[in-house]
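Chains as they are written, first to last, in the numbering used here: chain A, 151 to 719; chain B, 151 to 719.
For each residue, glycine too, the CB sits at the ideal point set by N, CA and C.
Since the model is a prediction, treat every value here as computed from it, not as a measurement.
Below: the structure, in structure tokens.
In structure tokens form, the structure reads like this:
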């Protein structure tokens with residue numbers, strides 16, 4: 151593997167002078183549709199610190215109440231940091247005001263963070279048209295602001311906004327901004343490709359010029375040309391020692407450079423250690439946890455950490471993977487805490503099905519069995535089912551084909567009603583009748599919608615019979631309207647993620663009616679859980695739990711039936 | 151702007167020798183969760199041809215019935231091509247069989263396409279472990295296969311699989327594969343970064359070495375390092391004259407190079423014309439249409455063509471954009487058929503709200519009005535509403551604040567029930583009672599789920615009063631479960647896209663109950679449509695339609711009320 155060697159960075163240990171700087175909480179939160187509460191920001195910051203980034207840009211104190219409150223809470227004990235420095239973002243002082251007298255500068259000084267990053271104009275067009283001041287005053291604003299905050303004991307970084315366009319327009323002035331910032335005491339001058347239009351082959355000359363000024367240089371890229379990660383790497387190769395980016399590539403427009411991709415490339419491809427030893431293996435877990443907090447779905451195809459990043463579907467690949475997995479992986483997924491996955495699909499062919507079946511602990515060495523399962527999968531996928539995501543439904547299908555699917559319950563009927571009268575709150579209720587272990591269960595359930603109410607009723611029917619099931623929880627629910635033209639009769643597909651606290655499984659339902667499809671996925675979710683529950687119980691021979699289950703079931707059965715009648719009225 | 155000049159490509163006209171080669175229908179369709187029917191593939195190919203790519207890889211005839219059928223239909227009149235050549239993908243002949251006798255080679259020869267692309271091993275490890283043959287036989291398979299298909303009158307490309315890893319392991323052999331392919335008559339030898347692990351700074355040396363052999367070289371990249379587009383550009387700078395990629399960056403694992411980003415960078419940043427004149431402006435429309443066919447949601451943050459690619463949210467930017475939009479855009483969005491959008495959000499501040507309001511034709515110059523609207527937006531977003539996407543709901547909010555929201559209908563109550571008895575089909579029905587233009591409307595509706603049935607009932611209530619509304623259609627329906635911890639009380643957010651055939655608008659609903667939230671978005675969708683319908687009618691003074699509406703409404707009213715009673719029974 152080729153390595154770029156400069157700035158002592160070929161040293162395999164983490165270069166003290168190299169900064170991994172996360173801007174998720176400030177620049178990242180400007181992504182369309184993203185709204186972070188103060189609690190969200192505190193939780194994300196804590197994950198970033200555990201991951202081991204050197205700096206966490208928390209927001210812009212003074213610009214809005216939410217960010218000010220975030221810094222107050224973060225610096226008063228709610229955000230203990232082990233690896234990272236908390237950074238406050240802001241602007242250089244206003245035109246014609248002393249930095250010491252500028253309220254926004256004061257907000258930075260008093261926010262409790264030890265580090266401030268100031269955005270400064272380095273593009274003459276922006277100085278004149280957006281800032282409406284002279285080039286000299288802009289430099290003075292920069293000099294004054296940095297000097298003041300340094301004298302107040304803060305570490306200071308400068309974000310040189312629109313640096314690359316500015317350099318093209320007036321190279322001397324752009325470099326003068328870099329020099330001024332460095333001379334005033336900025337710890338790094340971060341060259342910002344604010345509109346994201348750069349290409350990697352353009353970075354070298356410009357970054358080298360800034361490094362040539364004698365300033366410590368950083369890089370901040372956006373993905374508008376689809377090259378944010380590559381531009382960041384190109385800047386590092388040209389001497390930048392400070393990289394900014396966001397988890398999951400969050401950010402305005404097309405997003406910021408994905409900090410995880412940048413770090414993974416630096417550690418796994420360049421062989422530099424820029425995070426604390428071993429932390430890169432937490433990348434997938436960290437990015438996923440943060441995606442859950444932001445509630446902005448993180449794409450499955452993110453480099454290194456996406457759920458699809460090491461997933462193999464093509465039959466061609468699958469057969470080779472049986473020989474040697476590393477023939478088809480650029481790195482070992484474990485290095486970033488990810489896994490190699492085999493997908494089941496109508497393109498897969500027997501090879502995947504067999505590998506997948508063996509992974510699940512079933513013997514599919516018999517060609518005709520494997521062929522039968524493959525046929526069944528193709529048939530179902532034609533109807534709109536997908537087993538790429540729904541591993542649990544695939545196992546149920548497999549068990550059915552192999553005659554290994556125990557009947558844990560049989561549904562007689564279900565119904566759900568939602569209504570609202572002007573002025574009153576809406577109501578969703580459901581009734582489910584089923585037979586489990588020979589006992590008829592008949593319950594009503596109420597919920598925040600038809601599917602939720604069906605889930606409640608179903609749980610009330612099953613828990614008396616299988617008490618341990620009470621620990622199961624629906625984690626996610628996804629609906630996809632299937633395009634009629636895509637060769638399937640079904641109109642809607644539902645995916646449900648269920649967890650028992652230890653592990654999560656996914657089931658799929660398909661139908662012309664969204665409730666019907668949801669009901670199928672729901673029932674399969676509990677079927678899968680119950681089958682594994684019963685098998686574990688037997689394997690691990692936990693007699694006590696078995697008895698409990700039996701006893702509770704018996705007593706609860708009568709109660710359950712009676713109470714169901716009561717509540718059904 | 152810097153330009154890369156070689157191979158005469160500084161010629162601003164489309165270099166005859168440069169190939170834009172799309173692999174969406176073959177490599178792209180291996181993406182997790184993607185399933186394309188034959189009709190899907192025919193429709194996508196037609197969009198790609200209109201867009202102006204030079205080559206469309208349609209699939210692998212002979213490997214599965216679907217692909218064989220695709221080529222049969224495509225080459226028998228169902229896929230007239232104006233710009234592109236249809237390409238059939240396959241492998242070099244089997245070990246120890248003459249190419250002329252290999253059924254898979256025959257399938258390529260007989261599929262009706264004029265061009266074949268054969269994947270060949272160029273990595274000694276893959277030859278030995280996956281192919282299980284000798285290095286010499288691998289070269290012979292390549293030579294024999296190319297020679298045979300050329301002699302049958304086909305143009306032939308070679309995909310040199312795992313070329314970059316192969317080069318690192320045994321450079322001489324990897325280059326021997328390139329030489330053999332070129333000598334046998336391959337029109338381009340496409341260097342494939344099959345596992346996607348390359349970085350841009352590593353491409354130059356290796357691609358140059360392949361070009362040095364004297365072969366016409368192509369490039370095929372995957373995004374596993376987050377650098378697929380940049381790697382493709384680096385290869386082009388090193389002399390590759392044939393680029394492969396997928397629309398929307400579709401593909402296995404992390405996807406293939408996004409062909410639109412590659413082409414847009416080549417045309418707008420390098421100044422080469424690689425598509426027919428003017429076609430790049432169709433990029434956004436083309437990628438969106440294809441995303442609708444694949445039914446795999448295309449991310450809003452795709453470079454150049456995503457709905458967010460030129461969307462501005464931050465108040466900081468917004469105020470500067472009022473001065474000059476190009477200060478914050480790397481290219482004019484119109485060049486790729488995209489638009490600059492202002493987003494409304496709690497981070498936006500008054501500047502965005504004012505610009506947005508003016509775009510919608512409302513006067514918000516009065517600071518206090520703008521402030522009041524901004525306050526209301528922040529308040530609603532705290533409850534879980536989002537106006538980034540829901541422009542129509544924002545206009546309704548704006549109208550309410552400005553006292554310009556006419557009452558088009560008032561709902562008295564709604565109810566919806568879904569049920570299924572073992573063995574029978576599921577049923578969803580709804581009842582809606584409302585008052586529109588002083589008339590009580592009371593109808594039942596049946597649908598493929600609770601929301602659909604409510605929509606049907608609502609339409610039956612409104613169409614008698616507003617007949618032209620019959621043309622409205624629900625286009626998309628999206629549900630988001632809101633994370634309780636994200637500082638909002640609401641539990642679910644629904645977004646609905648509605649179209650009248652000419653334009654589409656989006657509304658948002660929020661509530662603790664998914665049906666309640668859906669109902670809110672549904673009603674606002676029709677409110678918005680009706681308000682614009684009524685205004686247009688008055689503006690364009692279409693008296694006839696006005697009378698019709700009145701007359702139909704009157705007659706339908708009694709019928710409507712009566713029939714509604716009948717059907718409600």
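Mind pulling the chain B residues with CB within less than 8 Å of residue 437/A?
In the first chain, the residue the question calls residue 437/A occupies position 287. Within 8 Å Cβ-Cβ: nothing; residue 437/A doesn't reach chain B, min ~13 Å.
For a cutoff of 8 Å on Cβ pairs, would you count residue 170/B as touching chain A?
Within the second chain, residue 170/B is the residue found at index 20, counting from 1. Between residue 170/B and chain A, the shortest Cβ-Cβ separation is not below 8 Å.
If we define contact as Cβ-Cβ less than 8 Å, is residue 531/B a contact residue for chain A?
Translated into the one-based positions of the second chain, residue 531/B becomes position 381. For residue 531/B, the closest Cβ of chain A is nearer than 8 Å.
So within the segment 233-310 of chain A, which uninterrupted alpha helix (DSSP H) runs reach at least 4 residues, ignoring any that extend past its ends?
Runs found: 253-259, 274-279 and 285-301.
Tell me, please, whether the CB atom of residue 599/B is closer than 8 Å to any CB atom in chain A?
Residue 599/B sits at position 449 when you count from the first residue of the second chain. At least one chain A Cβ lies under 8 Å of residue 599/B.
Closest to residue 589/B by C-alpha separation, out of 612/B, 322/B and 311/B, would be which residue?
Residue 589/B sits at position 439 when you count from the first residue of the second chain. Minimum Cα distance to residue 589/B is reached at 612/B.
What number of angstroms, rounded off, separates the C-alpha of residue 566/A from the C-alpha of residue 600/A?
Residue mapping note: residue 566/A aligns to position 416 of the first chain, counting from 1. Residue mapping note: residue 600/A aligns to position 450 of the first chain, counting from 1. Those two C-alpha atoms are separated by around 6 Å.
Exposed or buried, what is residue 659/B when buried is set at 16 or more other beta-carbons lying within 10 Å of its beta-carbon?
The residue labelled residue 659/B in the question sits at position 509 within the second chain. It counts as buried.
Since residue 592/A is in the beta strand (DSSP E), which residue starts that stretch and which ends it?
Numbered from its first residue, the first chain carries residue 592/A at position 442. From DSSP, the beta strand (DSSP E) with residue 592/A extends over 589-597.
Limits of the alpha helix (DSSP H) - the one that residue 442/A falls within
On the first chain, position 292 is the one that residue 442/A refers to. Residue 442/A -> alpha helix (DSSP H) spans 433-444.
Other residues of its chain near residue 535/A: CB distance less than 6 Å, five sequence neighbours each side excluded
In the first chain, the residue the question calls residue 535/A occupies position 385. Hits under 6 Å: 658 and 660.
Residue-chain proximity (residue 502/A, chain B), Cβ-Cβ < 8 Å
Position 352 of the first chain, counted from the start, is the residue given in the question as residue 502/A. Not one chain B Cβ lies under 8 Å of residue 502/A.
Taking residue 564/B as the query, report the chain A residues whose CB atoms sit under 7 Å from its CB, ordered along the chain.
Position 414 of the second chain, counted from the first residue, corresponds to residue 564/B. Ordered by position in chain A, the residues that pass the 7 Å Cβ test against residue 564/B are 569 and 570.
For residue 209/A, the nearest candidate out of 358/A, 188/A, 583/A and 238/A (CA to CA):
Here residue 209/A refers to the residue found at position 59 of the first chain. For the options 358/A, 188/A, 583/A and 238/A, the alpha carbon positioned closest to that of residue 209/A is the one of 238/A.
Which runs of the alpha helix (DSSP H) fall wholly inside the segment 174-220 of chain A and span at least 4 residues, in chain order?
Taking 4 residues as the minimum length, the alpha helix (DSSP H) runs contained wholly in the segment 174-220 of chain A are 188-201, in order along the chain.
Give me the chain B residues within the contact set of residue 408/A, using Cβ-Cβ distance strictly less than 8 Å, ordered along the chain.
Residue numbering aside, residue 408/A sits at position 258 when the first chain is read from its first letter. Close partners of residue 408/A in chain B (Cβ separation under 8 Å): 376.
Determine the DSSP secondary structure at residue 344/B, reduced to helix, strand or coil.
Here residue 344/B refers to the residue found at position 194 of the second chain. In the structure shown, the three-state DSSP call for residue 344/B is coil.
Could you tell me whether the segment 225-242 of chain B touches the segment 251-269 of chain B, using the rule of 3 or more Cβ pairs below 8 Å?
Taking 8 Å as the limit for Cβ pairs, the verdict is that the segment 251-269 of chain B does touch the segment 225-242 of chain B.
Buried/exposed call for residue 509/A, threshold 16 Cβ in 10 Å:
In the first chain, counting from the first residue as 1, residue 509/A sits at position 359. Under the 10 Å beta carbon count, residue 509/A is surrounded by fewer than 16 other beta carbons and is classified as exposed.
Residue-chain proximity (residue 234/A, chain B), Cβ-Cβ < 8 Å
Start at 1 with the first residue of the first chain, and residue 234/A comes out as number 84. Residue-level contact check: residue 234/A does not touch chain B, since none of the beta carbons of chain B fall below 8 Å from its beta carbon.
Let me see if you follow: with CB-CB separation under 8 Å, is residue 370/B close to chain A or not?
Sequence index remark: in the second chain, residue 370/B carries index 220 (1-based). No, residue 370/B does not count as interfacial toward chain A.
Is the CB of residue 480/A under 8 Å away from at least one CB in chain B?
Along the first chain, one-based indexing puts residue 480/A at 330. Judged by the 8 Å Cβ criterion, residue 480/A is in contact with chain B.
Using a Cβ-Cβ distance cut-off of 8 Å, determine whether residue 218/B contacts chain A.
Taking the second chain and counting its residues from 1, the one referred to as residue 218/B is at position 68. At a cut-off of 8 Å between beta carbons, residue 218/B makes no contact with chain A.
Which residue wins for smallest C-alpha separation from residue 500/B, given the options 522/B, 480/B and 486/B?
The residue labelled residue 500/B in the question sits at position 350 within the second chain. Among 522/B, 480/B and 486/B, the Cα nearest to that of residue 500/B is on 522/B.
Secondary structure of residue 225/B, DSSP reduced to three states:
Taking the first residue of the second chain as 1, we reach residue 225/B at position 75. Assigned with DSSP and collapsed to three states, residue 225/B falls in helix.
Taking all protein chains shown into account, do 16 or more other C-beta atoms lie within 10 angstroms of the C-beta of residue 543/B, making it buried, or fewer, making it exposed?
If you number the second chain from 1, residue 543/B lands on position 393. By the neighbour-count definition (other C-beta atoms within 10 Å, threshold 16), residue 543/B is a buried residue.
In the DSSP assignment, what are the bridge partners of residue 561/A?
If you number the first chain from 1, residue 561/A lands on position 411. In the DSSP secondary-structure assignment, residue 561/A is bridged to 584/A.
Since residue 519/A meets chain B, which of its residues come closer than 7 Å, beta carbon to beta carbon?
Numbered from its first residue, the first chain carries residue 519/A at position 369. Chain order gives no chain B residues near residue 519/A, where near means a beta carbon separation below 7 Å; the closest approach is about 21 Å.
Look up residue 645/B in the DSSP assignment and say whether it is helix, strand or coil.
On the second chain, position 495 is the one that residue 645/B refers to. Strand, per DSSP.
Does DSSP put residue 504/A in a helix, a strand or coil?
In the first chain, the residue the question calls residue 504/A occupies position 354. In this structure, residue 504/A counts as helix in the three-state DSSP scheme.
Check the Cβ of residue 383/B against every Cβ in chain A and list those closer than 8 Å, keeping chain order.
Residue mapping note: residue 383/B aligns to position 233 of the second chain, counting from 1. Ordered by position in chain A, the residues that pass the 8 Å Cβ test against residue 383/B are 349, 350, 351 and 377.
Tell me which residues share the same chain as residue 326/A and place their Cβ nearer than 7 Å to its Cβ, disregarding the 5 neighbours each side in the sequence.
Along the first chain, one-based indexing puts residue 326/A at 176. Around residue 326/A: 289.
Considering only the alpha carbon of each residue, which of 526/A, 552/A, 456/A and 541/A lies closest to residue 514/A?
If you number the first chain from 1, residue 514/A lands on position 364. The shortest Cα separation from residue 514/A among 526/A, 552/A, 456/A and 541/A belongs to 552/A.
Alpha carbons only, please: which of 249/A, 444/A and 390/A is nearest the one belonging to residue 188/A?
As a working note, residue 188/A is residue 38 in the first chain. Out of 249/A, 444/A and 390/A, 444/A has the C-alpha closest to the C-alpha of residue 188/A.
Closer than 8 Å, CB to CB, is residue 456/B near chain A or not?
The residue given as residue 456/B occupies position 306 in the second chain. Yes, because at least one Cβ of chain A sits closer than 8 Å to the Cβ of residue 456/B.
Whose C-beta lies closer than 6 Å to the C-beta of residue 168/A among residues of the same chain, with five residues either side of it excluded?
Residue mapping note: residue 168/A aligns to position 18 of the first chain, counting from 1. Correct list, in chain order: 391 and 424.
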